[in-house]
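**Q** In terms of my numbering, the sequence shown opens at residue 8 and continues consecutively. All C-beta atoms in this analysis are idealised placements derived from N, C-alpha and C, irrespective of residue type, glycine included. Given the structure is predicted, the values throughout are model-derived calculations rather than measurements.
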Amino acid sequence: MDKTYDIGLGNIDVNLRKKADSDFVSFWDDEAKNLSWFSHWEKTLDWHPPFAKWFVGGTINASYNALDVHQKTKSGKSAILWEGEDGESRVITYGEMLSQVKKFSNVLKSLGVKKGDRVTIYLPMVPELPIAMLACARIGATHTVIFSGFSAASIKDRIIDSHSKVVVTANGGYRRGKIVKLKEVIDEAIKDVNFVKHVVVLERTKNEISISSKDKLWSDLMNNVSDSCDAEKLDSAHPLYILYTSGTTGKPKGVLHGTGGYLTHLYSTFKWAFDIKDSDIFFCTADIGWVTGHSYVVYAPLLHGATQVMYEGAPDFPDASRMWSILQKYHVTIFYTTPTALRMFMKFGDNIPNSFDLSSLRLLGTVGEPINPEVWKWYFKTIGKEKCPIIDTWWQTETGGMLISPLPGLETIPLKPGSGTRPIPGVHISVVDENGDDVSPNTKGYLVVKNPWPGMLLTLWNDDEKYKTVYWSKYEHCYYPGDYALKDDDGYFWLLGRTDDILKVAGHRIGTAELESCIVSHSDVAESAVCGIPDDVKGEVIIAFVVLKQGLSDSKILEKEISDKIRNDIAAIATPKQIYFVSKLPKTRSGKIMRRLLKGIANNEKIGDVSTLEDGAAVTEVQSAVDYIQKSIKETSG
Ligand code: WTA
């Protein structure tokens with residue numbers, strides 16, 4: 008057994024876990040009282056599996072809890088210390104945030120946005136992004152933020168699915184010193200979408216844009232509205248946002264989160280996991296376009312009235328020291344990032360972080376993918392100087408907030424590099440076998456959540472049936488996240504990757520089915536199979552196998568066309584590292600592509616006798632496909 012790390016912050020509340028274990032509903036009832044409610048709830052949990060409503064009858068507003076509640080004591084406190092990629096910086100206080108949010112709420116109202124309407128937001132990492140989100144929340148509109156790396160085709164699908172009549176974007180955003188022309192992408196996305204009535208354009212960059220009758224400048228609109236706007240009193244289950252995420256089908260799913268339960272989950276986990284104090288400077292490197300940014304850049308820190316750093320650009324721009332120079336400049340005390348970023352920093356060598364003063368740090372966190380123990384130890388030693396606990400937080404877009412993590416703000420337990428330790432209080436998690444029975448310690452099985460929790464998704468947007476089948480049908484009354492895990496003798500959880508065809512490329516969630524349907528929509532392609540293979544920095548990278556239509560032959564041009572198609576139809580982050588052109592794919596007798604086999608081949612693993620590999624495989628065909636593909640890979644690689 009590897010050595011454990013006993014780094015405590017001295018916070019111990021043994022009663023909290025006891026209370027949570029004895030009655031999770033009344034436990035969460037108490038936690039919800041940390042927020043400001045307009046009216047108290049009548050029922051803590053209404054559970055009609057698999058649909059949960061938390062704090063039924065209570066009314067609340069997310070923007071009120073993020074901003075108004077701090078005005079008496081903290082209106083002059085910095086909410087956001089913003090660092091632009093180009094070196095520009097801005098400080099926005101809680102008072103200024105509230106006044107901007109009220110004004111933008113009035114802008115949205117003036118554009119006809121009403122409670123329950125959806126608003127699509129496609130902005131770079133600038134303070135106006137959380138301002139726009141909180142303005143939606145203030146008036147009861149549901150925001151749907153799209154990561155600014157997504158393509159016009161992806162945006163179009165999401166705008167149509169959510170039926171957003173208003174889109175908020177910017178003329179451009181900076182990425183690695185270049186301007187990404189976001190407004191042009193939106194123009195393309197909404198070309199044929201007539202129900203989009205208005206596009207609000209923030210001027211972040213200097214590039215010229217074409218202005219149509221739908222377009223209005225952010226600054227013009229803000230100049231013409233008042234800065235008074237009361238927060239709507241919304242039902243606890245009022246939909247706060249839709250966030251699209253990859254699943255195992257061709258189209259992304261709209262994960263729908265509510266208000267009161269979600270905020271309760273975030274408030275409590277932020278306190279327990281990050282041990283947040285009024286004096287802390289928090290820095291989460293996630294882009295707000297992903298769930299980590301929604302939960303732990305926008306909502307959780309603001310609920311606590313915390314000060315946080317928000318960084319606009321690439322972590323290694325203009326050079327490999329950028330992150331450490333930000334940490335030093337702002338005296339960051341709590342740093343939350345991804346294993347992919349850490350692997351990259353580790354590769355750059357210790358001299359770079361060692362030449363900065365990182366002594367303000369007191370707590371470190373990671374999220375989004377399994378962290379390799381070597382990287383964990385490097386983070387602990389080189390960045391945390393062996394004095395900061397590391398929280399390895401496991402959760403998903405669907406869970407809303409952390410479900411497994413060390414909780415230094417609540418208790419001190421020895422840390423093991425690579426383990427998320429234990430579930431948060433009030434959530435019962437197990438590792439089970441195919442039949443749903445708990446497996447013995449140290450045995451790999453399926454992770455399941457056995458009771459509802461406040462941050463859980465309400466449903467999938469417009470698709471209750473899919474919500475039931477994807478998450479709640481494998482085991483009765485248990486939530487199925489699609490992750491393998493094991494629990495060791497000490498009851499610590501180790502997350503072991505996905506059970507399905509979802510990839511994590513540099514921490515970004517990408518479904519293979521979405522990629523395959525994009526590739527086969529190229530007119531020359533007959534079939535395609537995509538899989539992930541391990542990568543030193545990105546965790547996983549994408550490999551695509553492509554079968555062309557009869558009589559066609561591959562070429563560099565075709566390879567580029569397929570890559571470009573993925574960029575245009577999905578996003579640059581989804582482009583394969585390698586495309587292999589093959590004449591057939593290994594399949595089972597029922598015609599299912601044997602991805603596991605392809606993954607083995609792409610990984611250069613020795614593929615022995617295929618007859619033992621999979622049920623009902625057409626052995627001879629599969630063997631010949633395997634031989635053929637191995638031969639083509641050798642040829643491709645040189
Ligand atoms: C993976 C990101 C191991 C997991 C917040 C999960 C992790 C998926 C961890 C959700 C972790 C997330 N250790 N794996 N600490 N955190 N994952 O929706 O496979 O982008 O199901 O949410 O990321 O990804 P999502």
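Please return the same chain residues whose Cβ sits closer than 6 Å to the Cβ of residue 118, not counting the five positions on each side in sequence.
**A** Counting from one through the sequence shown, the residue named residue 118 turns up at place 111. Here the set comprises 173, 205.
**Q** Would a C-beta distance cut-off of 8 Å place residue 347 and residue 546 closer than the cut-off?
**A** If you number the sequence shown from 1, residue 347 lands on position 340. If you number the sequence shown from 1, residue 546 lands on position 539. Yes. Within cutoff.
**Q** Can we count residue 511 as close to ligand 1, meaning its CB is less than 7 Å from some heavy atom?
**A** For the purposes of this step, residue 511 is identified with residue 504 of the sequence shown, where counting begins at 1. At least one heavy atom of ligand 1 is nearer than 7 Å to the Cβ of residue 511, so yes.
**Q** Determine whether the beta carbon atoms of residue 536 and residue 605 lie at a separation below 8 Å.
**A** Residue numbering aside, residue 536 sits at position 529 when the sequence shown is read from its first letter. Residue numbering aside, residue 605 sits at position 598 when the sequence shown is read from its first letter. Yes, the pair counts as a contact, with Cβ atoms nearer than the cut-off.
**Q** Return yes when at least one heavy atom of ligand 1 lies under 7 Å from the C-beta of residue 401, else no.
**A** Numbered from 1 along the sequence shown, position 394 holds the residue referred to as residue 401. It does: the Cβ of residue 401 is within 7 Å (strictly closer) of some heavy atom of ligand 1.
**Q** Who are the Cβ neighbours of residue 108 in its own chain at under 7 Å, not counting the five residues just before and after it?
**A** The residue labelled residue 108 in the question sits at position 101 within the sequence shown. Counting only Cβ-Cβ distances below 7 Å, and skipping sequence neighbours, we find 70, 74, 138, 141, 142, 145.
**Q** For the region 421-494, which segments carrying the beta strand (DSSP E) assignment without a break, of at least 3 residues, lie completely within its bounds, in sequence order?
**A** Entirely contained in the region 421-494, the beta strand (DSSP E) runs reaching 3 residues are, in chain order, 436-439, 452-456, 490-494.
**Q** Less than 7 Å between the CB of residue 310 and some heavy atom of ligand 1, yes or no?
**A** Residue 310 sits at position 303 when you count from the first residue of the sequence shown. Because no heavy atom of ligand 1 lies under 7 Å away, the Cβ of residue 310 does not count as near it: no.
**Q** Exposed or buried, which one is residue 295 when buried takes at least 16 other CB atoms within 10 Å?
**A** Against the sequence shown, residue 295 aligns to sequence position 288. Answer is buried; the Cβ neighbour count reaches 16.
**Q** With three or more C-beta pairs closer than 8 Å as the rule, is the region 419-426 touching the region 469-477?
**A** Verdict: no, contact absent.
**Q** What does DSSP give as the partner residue(s) for residue 289 in the beta ladder?
**A** Stepping through the sequence shown from its first residue, residue 289 is reached at position 282. DSSP, once it has assigned bridges, lists 315, 341 as partnering residue 289.
**Q** Is it buried or exposed for residue 246, if we count other Cβ within 10 angstroms and need 16 for buried?
**A** Locating residue 246 in the sequence shown gives position 239, counting from the first residue. With 16 or more Cβ atoms within 10 Å of its Cβ, residue 246 is classed as buried.
**Q** DSSP on residue 135, reduced to helix/strand/coil?
**A** Numbered from its first residue, the sequence shown carries residue 135 at position 128. Three-state DSSP puts residue 135 in a helix.
**Q** Taking residue 448 as the reference, give the member of 501, 405, 403, 552 with the closest Cα.
**A** Locating residue 448 in the sequence shown gives position 441, where the first residue counts as 1. The option with the nearest alpha carbon to residue 448 is 501.
**Q** Sort out for me which residues DSSP pairs residue 90 with in a bridge.
**A** For the purposes of this step, residue 90 is taken as residue 83 along the sequence shown, with counting starting at 1. Residue 90 pairs with 96, 318.
**Q** Can you look up residue 216 in the DSSP assignment and give me helix, strand or coil?
**A** Here residue 216 is taken as the residue at index 209 of the sequence shown, counted from 1. Note: residue 216 maps to coil in three-state DSSP.
**Q** Are there 16 or more other CB atoms within 10 angstroms of the CB of residue 647, so buried, or fewer, so exposed?
**A** The structure shown does not extend to residue 647, since the chain spans only 8 to 645, so no value can be given for it.
**Q** Look up residue 283 in the DSSP assignment and say whether it is helix, strand or coil.
**A** Residue mapping note: residue 283 aligns to position 276 of the sequence shown, counting from 1. Coil at residue 283, not helix or strand.
**Q** Should residue 19 be labelled buried (16 or more other beta-carbon atoms within 10 Å of its own) or exposed?
**A** Walking along the sequence shown from the start, residue 19 turns up at place 12. Exposed is the call here.
**Q** DSSP state of residue 244, grouped into three classes?
**A** Within the sequence shown, the letter at position 237 stands for residue 244. In this structure, residue 244 counts as coil in the three-state DSSP scheme.
**Q** Determine, using beta carbons only, whether residue 532 and residue 488 come nearer to each other than 8 Å.
**A** Locating residue 532 in the sequence shown gives position 525, where the first residue counts as 1. Locating residue 488 in the sequence shown gives position 481, where the first residue counts as 1. No; because the gap between Cβ atoms is not below 8 Å, this pair is not in contact.
**Q** With a 10 Å radius around its C-beta and 16 neighbouring C-beta atoms as the bar for buried, classify residue 370 as buried or exposed.
**A** Here residue 370 is taken as the residue at index 363 of the sequence shown, counted from 1. Under this definition residue 370 is a buried residue.
**Q** Can you find at least 3 beta carbon pairs, one from the region 294-311 and one from the region 320-340, that sit closer than 8 Å?
**A** The answer is no - the region 320-340 does not touch the region 294-311, with fewer than three Cβ pairs under 8 Å.
**Q** Return the chain-ordered list of same chain residues with a C-beta closer than 6 Å to the C-beta of residue 1, the five sequence neighbours on each side being excluded.
**A** The question about residue 1 has no answer here: the residues shown for the chain are numbered 8 through 645.
**Q** Can you tell which of 523, 603, 611, 598 has its C-alpha closest to the C-alpha of residue 253?
**A** Position 246 of the sequence shown, counting from 1, holds the residue named residue 253. Looking at the Cα atoms, 523 is the closest of the given residues.
**Q** Enumerate in chain order the residues of its own chain whose CB-to-CB distance from residue 637 is below 7 Å, with the five nearest sequence positions on each side excluded.
**A** Counted from its first residue, the sequence shown places residue 637 at position 630. Around residue 637: 608.
**Q** May I ask you to check if the CB of residue 322 is nearer than 7 Å to at least one heavy atom of ligand 2?
**A** For ligand 2, the structure offers nothing, since it holds only ligand 1.
**Q** Could you pull out every residue in the same chain whose Cβ sits closer than 6 Å to the Cβ of residue 312, ignoring the five residues on either side in sequence?
**A** Within the sequence shown, residue 312 is the residue found at index 305, counting from 1. So the qualifying residues of the chain are 77, 81.
**Q** For residue 104 and residue 602, what's the separation of their Cα atoms in angstroms?
**A** The residue labelled residue 104 in the question sits at position 97 within the sequence shown. The residue labelled residue 602 in the question sits at position 595 within the sequence shown. So the two alpha carbons sit approximately 49 Å from each other.
**Q** With DSSP as the reference, label residue 211 as helix, strand or coil.
**A** Counting from 1 along the sequence shown, the entry for residue 211 is found at position 204. Note: residue 211 maps to coil in three-state DSSP.
**Q** Whole angstroms are fine: how far does the CA of residue 351 sit from the CA of residue 402?
**A** Residue numbering aside, residue 402 sits at position 395 when the sequence shown is read from its first letter. Residue numbering aside, residue 351 sits at position 344 when the sequence shown is read from its first letter. Distance between the alpha carbons of residue 402 and residue 351: 22 Å.
**Q** Within 10 Å of its beta-carbon, does residue 321 have 16 or more other beta-carbons around it, so buried, or fewer, so exposed?
**A** Here the question's residue 321 lines up with position 314 in the sequence shown. Classification of residue 321: exposed, given that the 10 Å Cβ count is below 16.
**Q** What residues match up with residue 228 in a beta bridge as DSSP calls it?
**A** Within the sequence shown, the letter at position 221 stands for residue 228. DSSP output for residue 228 lists no bridge partner at all.
**Q** What do you reckon, is the C-beta of residue 537 under 7 Å from a heavy atom of ligand 1?
**A** Here residue 537 refers to the residue found at position 530 when the sequence shown is read from its first residue. No - ligand 1 has no heavy atom lying nearer than 7 Å to the Cβ of residue 537.
**Q** Using the Cβ count rule (16 or more neighbours within 10 Å means buried), how would you classify residue 437?
**A** Counting from one through the sequence shown, the residue named residue 437 turns up at place 430. It is buried - the Cβ of residue 437 has at least 16 other Cβ atoms within 10 Å.
**Q** Grab me the residues of residue 384's own chain with a C-beta within less than 6 Å of its C-beta, minus the 5 sequence neighbours each way, in chain order.
**A** The residue you call residue 384 lines up with position 377 of the sequence shown. Only 424 meet the Cβ criterion.
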